[in-house]
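Below: one structure, written as structure tokens.
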Amino acid sequence: MSIQAYLDSTFSSFEDLKAKVDAESARLKSEETALAGLLDSERATARAQAQESVSELKAYIKQLSSDIKDHKPPPELLKSASLPPDLLQKLNGVKSLLHAKIVVSQLRELQSASNELKQVLAGNNAKSVESVGVLELYNKVACLIEELEANESKHFQLDKLKSPGSAESQSPKLKVIDKLVSRSFAYVNDNVLDVVANGTKDKLRTCLEEHGWPNEDAFGSSNPAAVIEFQNLFINVLKTEYLGKAIKSHNNPLPPVISAFTLLVEAEVLRFNFHFESDKATNRVDKPEWMFSWVANTIDNHKNFLMNILQPALISVPRFHDRIAVHEFITALLPVVYNKLANTVQELAKTIISNEVTSNSYLLSHLVHEIVSFDELLKERYYFTPYNLPNWNGLAGDVLTEECFKVWLDTEKKIALQRYQEILDMPNSWEIDWDIGEGTKPTISAINIKDLFESVTEQYSALRKIRYRLRFLLEIQIHILDKFYIRLSESISAFESMTSSLSRAVGGVSAEDKKLVSGVDGLERLCRIYGSLSYIISALGEWGEDLFFLDLWEHVSKVSSKDRHKDSHSNENQETLFDETIHSYLEKKQKVYSIISGHVRKELRQSLQECYQYSEWTFEDDNTSGDRSITPKLVRPIQSLSTLLTFLRRFFSANDYSRFSGLYGAELSRYIWDNVIQVNRFTVTGANQLQRDVNEMWTAWLLPRDKSLRRLEEACSVLVATSKETQRIISDESTVDIKQKLGLSVLTPADIRSIIPRRKH
Numbered sequence: 042m043s044i045q046a047y048l049d050s051t052f053s054s055f056e057d058l059k060a061k062v063d064a065e066s067a068r069l070k071s072e073e074t075a076l077a078g079l080l081d082s083e084r085a086t087a088r089a090q091a092q093e094s095v096s097e098l099k100a101y102i103k104q105l106s107s108d109i110k111d112h113k114p115p116p117e118l119l120k121s122a123s124l125p126p127d128l129l130q131k132l133n134g135v136k137s138l139l140h141a142k143i144v145v146s147q148l149r150e151l152q153s154a155s156n157e158l159k160q161v162l163a164g165n166n167a168k169s170v171e172s173v174g175v176l177e178l179y180n181k182v183a184c185l186i187e188e189l190e191a192n193e194s195k196h197f198q199l200d201k202l203k204s205p206g207s208a209e210s211q212s213p214k215l216k217v218i219d220k221l222v223s224r225s226f227a228y229v230n231d232n233v234l235d236v237v238a239n240g241t242k243d244k245l246r247t248c249l250e251e252h253g254w255p256n257e258d259a260f261g262s263s264n265p266a267a268v269i270e271f272q273n274l275f276i277n278v279l280k281t282e283y284l285g286k287a288i289k290s291h292n293n294p295l296p297p298v299i300s301a302f303t304l305l306v307e308a309e310v311l312r313f314n315f316h317f318e319s320d321k322a323t324n325r326v327d328k329p330e331w332m333f334s335w336v337a338n339t340i341d342n343h344k345n346f347l348m349n350i351l352q353p354a355l356i357s358v359p360r361f362h363d364r365i366a367v368h369e370f371i372t373a374l375l376p377v378v379y380n381k382l383a384n385t386v387q388e389l390a391k392t393i394i395s396n397e398v399t400s401n402s403y404l405l406s407h408l409v410h411e412i413v414s415f416d417e418l419l420k421e422r423y424y425f426t427p428y429n430l431p432n433w434n435g436l437a438g439d440v441l442t443e444e445c446f447k448v449w450l451d452t453e454k455k456i457a458l459q460r461y462q463e464i465l466d467m468p469n470s471w472e473i474d475w476d477i478g479e480g481t482k483p484t485i486s487a488i489n490i491k492d493l494f495e496s497v498t499e500q501y502s503a504l505r506k507i508r509y510r511l512r513f514l515l516e517i518q519i520h521i522l523d524k525f526y527i528r529l530s531e532s533i534s535a536f537e538s539m540t541s542s543l544s545r546a547v548g549g550v551s552a553e554d555k556k557l558v559s560g561v562d563g564l565e566r567l568c569r570i571y572g573s574l575s576y577i578i579s580a581l582g583e584w585g586e587d588l589f590f591l592d593l594w595e596h597v598s599k600v601s602s603k604d605r606h607k608d609s610h611s612n613e614n615q616e617t618l619f620d621e622t623i624h625s626y627l628e629k630k631q632k633v634y635s636i637i638s639g640h641v642r643k644e645l646r647q648s649l650q651e652c653y654q655y656s657e658w659t660f661e662d663d664n665t666s667g668d669r670s671i672t673p674k675l676v677r678p679i680q681s682l683s684t685l686l687t688f689l690r691r692f693f694s695a696n697d698y699s700r701f702s703g704l705y706g707a708e709l710s711r712y713i714w715d716n717v718i719q720v721n722r723f724t725v726t727g728a729n730q731l732q733r734d735v736n737e738m739w740t741a742w743l744l745p746r747d748k749s750l751r752r753l754e755e756a757c758s759v760l761v762a763t764s765k766e767t768q769r770i771i772s773d774e775s776t777v778d779i780k781q782k783l784g785l786s787v788l789t790p791a792d793i794r795s796i797i798p799r800r801k802h
């Protein structure tokens, strides 16, 4: 189509075309005006928001500067998760620089205070360095250093936030500040603080020597002036105590010692070294208890002095007002004890590893036992916990490095396994202990295994490192329980194998071999296994509820819960540390119980089969003497089975035997029903005879008179029914009516229908 043709078909005239073009142009101009207005509005809104953000940031930085100066937490703005990462890094950078500014300001203040203190010391040569002005300036300098340490740590952490992914996280500016702070500390410590501290320490040391410390009467009540002099000097040393970087960064695992107490124990340390670091008779590796007794006696000898004279001095110095003098004295004694123990343990461990002296295993075991006991003594007698170290692992935790602990653990494991083997090798190891009291009777070996387990617990229960406790539990105690479990399992397998072999034997079997797995002898073999399993299960239940093992289980639960989602087989229903072991033992116990039940059931069937196999129940009563004795062939089975049941009644707990006798009564009732009543016909005399036999068995064997007995009694009552009315009911009525009219409560209609044809009337 041509343009001319298109215009002619779309527009009727030139005026029509012009009108439509003008209308479209007006519409576009209107839209352009509206969009321009909307754009101006958005620009105004954005400008207002930007101004508001700038104002907020200015206020934040101002507040941040003030908070840093006053050591307050940062404003919430910095913690906002909605801030863009780049803005958050910039804000962290601002805060880091502000911290640096504060640090530099404090360094200037430190330099000024240090110079002032240095000038006072220079003009005070002839005077005491303990003068008030010196100590006040000292404390000012020490406080400034502590504040600087805190600020230095803060701005370093912030600088890491500023560039968390970089290998060199600290900016060059802050590196310079860090070096400046370190150099300032070193200069102040060496040239100012140490000068004051050493002067006060020399005065205190001289006072101690002049008054005969550490004799108990050195600062007695008879010399109050000496007490006051000592207290003042001691307080001055406390005031010059600086617990700064030098102590915080040391490698000694022991808690930090206040220098005033270090001076106090110097004489006692000399005495300790005389007795236990020389060739004196008191220095014996096989008698570590002598050393610990000496330390405890030293603490006790000075306890009143520490509580009455030193405790008030500590309280008078604000920074030590919450310290306990006895605890600080113990802390000061620990380093010399630690050094002695660490060296001894390492030497013993070295000789054990190289197999130079085998007897050293027992020496190491004894030494560690005494260390653990000493830790408990400090805790129980003196309530000792190092200041600000509530989770201290004790001397045992500090002395036992990973290598030394492994040597000790292997030593204890060797001793425990040796004792375990001795228990099993005892002549009476598998005898039943009939004197144990109530409950199912255990074997001697099970009792001794429990004692061994608990003695091992005593060896390590006072250890404060959880992982050390767990390794003892898993590598020694659980290992012993597993070995005992395997031994009992092997005994079960041996009994089953012997029984199976005898049953398959072709030809005669010796009476001796048969006796091993039959009668009371066979039953006793099974009961030994059952009693051992039952006793260990009971012990495991008690241990699982013990506070010590509950604490271990709580720790294990916390650790395992973190990885539980990774292990689809983790047992979330476990409630104690020993549930898995209990489950294994319990499964084996149930198996042995089934074998015991089968053993007695087999003896029962064999005995009654000999009695009732060819019995005749259709005879008539021609005995006019009124003698109503049991079947003669039943006398021997009653005697032999009475022996078995008497043994079990004595062996089982009351609850276990009650359960067993109920099952035995049910089995006996079932046997008589299936093999006597259902396969014979009975005259009245025969039914009466059977009823006497049943009553005699239940009475002789002390079986529960439950529905198992009542079922047989009701069956006999149906068999002996002689009255015309009863016979009419049995002959004419339905089985349901017979049950109701004869007052039968246990027999079912099917039972009654099966009994009626057994009557021979």
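Per the working numbering, the very first residue in the sequence shown carries number 42; after that it's consecutive.
C-beta atoms are modelled at their ideal positions from N, C-alpha and C, and glycine is treated no differently.
Own chain residues within Cβ distance below 6 Å of L274, not counting five before or after: Your numbering for residue 274 matches position 233 in the sequence shown. Here the set comprises K244, L245 and C248.
Opposing strand residues paired with R512 [DSSP bridges]: Here the question's residue 512 lines up with position 471 in the sequence shown. For R512, which the question treats as bridged, DSSP gives no partner whatsoever.
Limits of the unbroken alpha helix (DSSP H) element including D492: By one-based count along the sequence shown, residue 492 stands at place 451. Counting along the chain, the alpha helix (DSSP H) containing D492 begins and ends at I485 to Y501.
Contacts around E40, its chain only, beta-carbon distance under 8 Å, and the 5 residues preceding and following it disregarded: No answer is possible for residue 40: the residues shown for the chain start at 42 and end at 802.
S694, enclosing alpha helix (DSSP H) - first and last residue: As a first step, residue 694 must be located in the sequence shown, where it is residue number 653. From DSSP, S694 is part of no alpha helix (DSSP H); its letter is neither H nor E.
Proximity to E444 [Cα-Cα], best of D416, T392 and W335: Taking the sequence shown and counting its residues from 1, the one referred to as residue 444 is at position 403. Ranking the options by Cα distance to E444, first place goes to T392.
Coarse secondary structure for I299, derived from DSSP in three states: For the purposes of this step, residue 299 is taken as the residue at position 258 of the sequence shown. If DSSP states are grouped into helix, strand and coil, I299 belongs with coil.
Integer-rounded CB distance, given that I623 should sit under 8 Å from G582: Numbered from 1 along the sequence shown, position 541 holds the residue referred to as residue 582. Numbered from 1 along the sequence shown, position 582 holds the residue referred to as residue 623. Confirmed, Cβ separation roughly 7 Å.
For D800, the three-state DSSP class (helix, strand or coil): Numbered from its first residue, the sequence shown carries residue 800 at position 759. According to the sequence shown, residue 800 is Arg rather than Asp. Three-state DSSP puts R800 in a strand.
Closest by C-alpha distance to N469, when choosing among R569, Q500, D416 and V377: Within the sequence shown, numbered from 1, the residue matching residue 469 stands at position 428. The option with the nearest alpha carbon to N469 is R569.
Exposed unless 16 or more other CB atoms sit within 10 angstroms - verdict on K782: In the sequence shown, residue 782 corresponds to position 741, counting from 1. It counts as exposed.
Same chain, Cβ closer than 7 Å to L347, five either side skipped, listed in chain order: Numbered from its first residue, the sequence shown carries residue 347 at position 306. Contacts found: A366, V367 and F370.
Where F260 falls: helix, strand or coil (DSSP): Residue mapping note: residue 260 aligns to position 219 of the sequence shown, counting from 1. Three-state DSSP puts F260 in coil, outside helix and strand.
Sequence-distant residues of the same chain with beta carbon closer than 7 Å to A85, five excluded per side: In the sequence shown, residue 85 corresponds to position 44, counting from 1. Excluding residues within five positions, none has a Cβ falling inside 7 Å.
Cβ-based burial, M332 [other Cβ within 10 Å; buried from 16]: For the purposes of this step, residue 332 is identified with residue 291 of the sequence shown, where counting begins at 1. Buried, by the Cβ-count rule.
Segments assigned alpha helix (DSSP H), at least 4 residues, entirely inside the region 357 to 418: 366 to 394
Counterpart residues of I473 in DSSP-defined beta bridges: For this step, residue 473 is matched to residue 432 along the sequence shown. DSSP output for I473 lists T484 as bridge partner(s).
N- and C-terminal bounds of the alpha helix (DSSP H) containing A728: Your numbering for residue 728 matches position 687 in the sequence shown. Segment V725 to A741, the alpha helix (DSSP H) holding A728.
Pick from L753, W594, L430 and L557 that is closest to I713, judged by C-alpha positions: As a first step, residue 713 is located in the sequence shown; it is residue number 672 there, counting from the start. For I713, the nearest C-alpha among the options comes from L753.
T789 (DSSP reduced to helix, strand or coil): As a first step, residue 789 is located in the sequence shown; it is residue number 748 there, counting from the start. Coil, per DSSP.
CA nearest to the CA of V237, picked from V278, P265 and N324: The residue labelled residue 237 in the question sits at position 196 within the sequence shown. When only C-alpha atoms are compared, the closest one is V278.
8 Å Cβ cutoff met for N396 and R505: By 1-based counting over the sequence shown, the position of residue 396 is 355. By 1-based counting over the sequence shown, the position of residue 505 is 464. No, Cβ-Cβ distance for N396 and R505 is not below 8 Å.
Between the CA atoms of L295 and P376 - distance to the nearest angstrom: Counted from its first residue, the sequence shown places residue 376 at position 335. Counted from its first residue, the sequence shown places residue 295 at position 254. For P376 and L295, the distance between alpha carbons rounds to 7 Å.
For H343, the first and last residue of its enclosing alpha helix (DSSP H): Counted from its first residue, the sequence shown places residue 343 at position 302. Looking at the DSSP string, the run of the alpha helix (DSSP H) that includes H343 is P329 to F346.
Candidates D734, K632 and N716, of which the one nearest R677 by Cα: One-based indexing of the sequence shown puts residue 677 at position 636. The shortest C-alpha separation from R677 is found at D734.
Closest Cα partner of V326 within the set D363, A337, L404 and D587: Here residue 326 is taken as the residue at index 285 of the sequence shown, counted from 1. V326 has its Cα closest to that of L404, out of D363, A337, L404 and D587.
Alpha-carbon spacing of K455 relative to E388, whole angstroms: In the sequence shown, residue 455 corresponds to position 414, counting from 1. In the sequence shown, residue 388 corresponds to position 347, counting from 1. Taking the straight line from one Cα to the other gives about 20 Å.
C-alpha distance - T724 paired with S795, whole-angstrom precision: Translated into positions along the sequence shown, residue 724 becomes position 683. Translated into positions along the sequence shown, residue 795 becomes position 754. Each residue's alpha carbon lies about 16 Å from the other.
Same chain, Cβ closer than 7 Å to F805, five either side skipped, listed in chain order: Since the first residue shown for the chain is 42 and the last is 802, residue 805 is missing from the structure and cannot be characterised.
Same chain, Cβ closer than 7 Å to F446, five either side skipped, listed in chain order: Mapped onto the sequence shown, residue 446 falls at position 405. For F446, where only same-chain residues beyond five positions count, the Cβ hits under 7 Å are Y509.
Cβ-Cβ distance between S530 and K629 below 8 Å: Position 489 of the sequence shown, counting from 1, holds the residue named residue 530. Position 588 of the sequence shown, counting from 1, holds the residue named residue 629. Contact flag set, yes.
Proximity below 8 Å, CB of T484 to CB of S575: By 1-based counting over the sequence shown, the position of residue 484 is 443. By 1-based counting over the sequence shown, the position of residue 575 is 534. Result no, Cβ atoms of T484 and S575 do not sit closer than 8 Å.
DSSP three-state assignment for N349, whether helix, strand or coil: Residue mapping note: residue 349 aligns to position 308 of the sequence shown, counting from 1. Reduced to three states, the DSSP call for N349 is helix.
Local Cβ density within 10 Å of V298, reported as buried at 16 or more and exposed below that: Numbered from 1 along the sequence shown, position 257 holds the residue referred to as residue 298. V298 comes out buried.
Within 8 Å, strictly: CB atoms of I533 and V633: In the sequence shown, counting from the first residue as 1, residue 533 sits at position 492. In the sequence shown, counting from the first residue as 1, residue 633 sits at position 592. Yes, they are a contact pair.
Selection from N729, D466, G639 and I350 that minimises the alpha carbon distance to Y820: Within the shown structure, residues of the chain are numbered from 42 to 802, placing residue 820 beyond reach of any answer.
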